[in-house]
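So the number in this note's numbering is just where the residue sits in the sequence shown, counting from 1, plus 5.
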Amino acid sequence: MSGFLVIWSDLADSDLTDWAHWMTREHAIERLGIAGFRRCRIFRALTTRNSYVIVYDLDTPEVVASSDYVARLNAPTPWSQRTMPKLKNFRRGGGHVTARAGVGDGGVIAMLFSSAIADAASVCGNAVSHDRIASAQVLSTDAAQTGIATREKAMRSGDASFETLVMIEGLDEDAIDAACAALRASHRELATSDAVLYGACFSLAQESA
Numbered sequence: 006m007s008g009f010l011v012i013w014s015d016l017a018d019s020d021l022t023d024w025a026h027w028m029t030r031e032h033a034i035e036r037l038g039i040a041g042f043r044r045c046r047i048f049r050a051l052t053t054r055n056s057y058v059i060v061y062d063l064d065t066p067e068v069v070a071s072s073d074y075v076a077r078l079n080a081p082t083p084w085s086q087r088t089m090p091k092l093k094n095f096r097r098g099g100g101h102v103t104a105r106a107g108v109g110d111g112g113v114i115a116m117l118f119s120s121a122i123a124d125a126a127s128v129c130g131n132a133v134s135h136d137r138i139a140s141a142q143v144l145s146t147d148a149a150q151t152g153i154a155t156r157e158k159a160m161r162s163g164d165a166s167f168e169t170l171v172m173i174e175g176l177d178e179d180a181i182d183a184a185c186a187a188l189r190a191s192h193r194e195l196a197t198s199d200a201v202l203y204g205a206c207f208s209l210a211q212e213s214a
């Protein structure tokens, strides 16, 4: 079973460039040097240039609490120490990929938060049945592993998390909107979940780091 780690944060205008350089020139490379981290992707919210989400693909769910990763969280670089306190509305969750359908990555993604989903495979299958949808996955957070106290966590204030996340990847905004509307209509767990759309802006795989 593969794992994931997803992190959201907002930034002030004055911090955007330094954060982008930190993320793409140091932090992503460092994370992909940890055993079990396969890929890092960064997305920006389409409604604002100040909100970002980082998606890590992991070999297994246990990587979220692995000794190598926790050691890095307890030894942040000087650049990380400067950056962490600037990250606002921070939300983080890691765990297992409950279900996945489709092939490839989309240039636009939607994220819908939910409580536990009864039929994750059905949700993914429904999503990818729509035009111009590349893939979909349901991600379930392991609260205990995500909540491990670390030095990095102590440098931020008010970390939040989530229980379950549906991530849909498509070719354009209209396709994503249509798929999300269909999911809300057919799956009661998602009926009140507002979809936030993001555009892809950076990707790095382990073999390239």
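Just so you know, even glycine gets a beta-carbon here, dropped at the ideal spot from N, CA and C. These numbers were taken from a predicted model, which means no experiment stands behind them.
- According to DSSP, residues forming a beta bridge with Y61: The residue given as residue 61 occupies position 56 in the sequence shown. Per DSSP, L10, C45.
Self-check item: Where I173 falls: helix, strand or coil (DSSP)
Solution: Translated into positions along the sequence shown, residue 173 becomes position 168. Three-state result, I173: strand.
Problem - DSSP beta-bridge partners of K217 - result: The structure shown does not extend to residue 217, since the chain is modelled only from 6 to 214, so the question has no answer here.
- Task: Compute the Euclidean distance between the alpha carbons of P70 and G8, then round it to the nearest angstrom.
- Result: If you number the sequence shown from 1, residue 70 lands on position 65. If you number the sequence shown from 1, residue 8 lands on position 3. A small fix is needed here, since residue 70 is Ala in this sequence, not Pro. Their Cα atoms are separated by approximately 11 Å.
Need the endpoints of the beta strand (DSSP E) that G130 sits in, please. In the sequence shown, the residue the question calls residue 130 occupies position 125. Segment 125 to 133 is the alpha helix (DSSP H) holding G130; no beta strand (DSSP E) there.
Quiz item: Between G111 and S134, is the Cβ-Cβ spacing less than 8 Å?
Solution: Taking the first residue of the sequence shown as 1, we reach residue 111 at position 106. Taking the first residue of the sequence shown as 1, we reach residue 134 at position 129. No Cβ-Cβ contact shorter than 8 Å links G111 with S134.
Practice task
Going by CA-CA distance only, name the one from K93, Y57, A126, E194 that's closest to I47.
Solution key: Position 42 of the sequence shown, counted from the start, is the residue given in the question as residue 47. Comparing alpha-carbon positions, the option among K93, Y57, A126, E194 lying closest to I47 turns out to be Y57.
Taking the straight line between their C-alpha atoms, what separation do you get for P81 and R156?
Counted from its first residue, the sequence shown places residue 81 at position 76. Counted from its first residue, the sequence shown places residue 156 at position 151. Each residue's alpha carbon lies about 8 Å from the other.
Check your understanding: How would you write the range of the beta strand (DSSP E) that I138 sits in, first residue to last?
Key -> In the sequence shown, residue 138 corresponds to position 133, counting from 1. Note, I138: beta strand (DSSP E), 138 to 146.
### Query
Should C206 be labelled buried (16 or more other beta-carbon atoms within 10 Å of its own) or exposed?
Counting from one through the sequence shown, the residue named residue 206 turns up at place 201. Classification for C206: exposed.
| said: If I measure Cβ to Cβ from S119 and keep anything under 6 Å in the same chain, skipping five residues before and after, which residues do I get? | reply: In the sequence shown, counting from the first residue as 1, residue 119 sits at position 114. Closer than 6 Å at the Cβ level, and outside the excluded window around S119, lie T169, E194, L195, S198.
(message) Within 10 Å of its beta-carbon, does E212 have 16 or more other beta-carbons around it, so buried, or fewer, so exposed?
(response) Mapped onto the sequence shown, residue 212 falls at position 207. By the neighbour-count rule (16 or more Cβ atoms within 10 Å), E212 is not buried but exposed.
Self-check item: C-beta contact flag for V201 and A115 at 8 Å
Solution: As a position in the sequence shown, residue 201 is number 196, starting the count at 1. As a position in the sequence shown, residue 115 is number 110, starting the count at 1. Contact flag set, yes.
So what does DSSP say about T223, is it helix, strand or coil? There is no way to answer for residue 223, as the model of the chain reaches only from 6 to 214.
Per DSSP, what are the beta-bridge partners of G116 in this structure?
Within the sequence shown, the letter at position 111 stands for residue 116. For the sequence presented, residue 116 should be read as Met rather than Gly. Here M116 is bridged, per DSSP, to M172, V201.
Could you tell me the alpha carbon to alpha carbon distance between A187 and S127, rounded to whole angstroms? Position 182 of the sequence shown holds residue 187. Position 122 of the sequence shown holds residue 127. Computed Cα separation, rounded: 12 Å.
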